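full-length UniProt numbering applies: residue 1 is where the sequence shown begins, and numbers increase by one.
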Amino acid sequence: MKALIQRVKSAHVAVDSQIIGQIQSGVLAYIGIGKDDDFDKACRLVDKIIAYRIFEDDNGKMGKSVSDVGGGLLLVSQFTLMAKTDKGRRPDFAPAMPPDDARALFDKLVDYAKQVYPDVAKGEFGANMAVVAVNDGPINFLLDV
């Protein structure tokens, strides 16, 4: 399971021009789910995202997490994160979990995030989403569990 996280000043997700999820300052997290992923990995990934220190502390260092600064968390499913790109000129999506199973696991991941963190928004699994983000930095990290 992977997450591409971005520190943002604000972000929102729209489907058919309708905003379905939005946050102010916080973390936009694109979530990739692989064939061998499970709920335990999903929980560990959420915990890691919430605790990952990418916000500035009093010394100007990345010493605070989204939890420390009280920021929002926007979760967006992103199967393309699981693509194999080491050969050829076309991504290989074989490592990604099949859509129906991935949808169920993504929904559980979001439910868990909402249990452990107060400010969680999400995109719509499988939809053609317009994601708008004002990056802060930019600061981006690829997390694996």
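Backbone N, C-alpha and C define an ideal beta-carbon position, used for all residues, glycine too.
Computed from a predicted model, the values in this text were never measured in an experiment.
- In the structure shown, the three-state DSSP call for residue 77 is strand.
- Under the DSSP definition of a beta bridge, residue 23 partners with 11.
- Residue 57 and residue 64 have their alpha carbons spaced roughly 6 Å apart.
- Cβ-Cβ distances below 7 Å link residue 99 to 126 in the same chain, with the five nearest sequence neighbours on each side left out; the list follows chain order.
- In the three-state scheme derived from DSSP, where H, G and I count as helix and E and B as strand, residue 49 is classed as helix.
- Judged by DSSP secondary structure, residue 67 falls within the alpha helix (DSSP H) whose first and last residues are 66–69.
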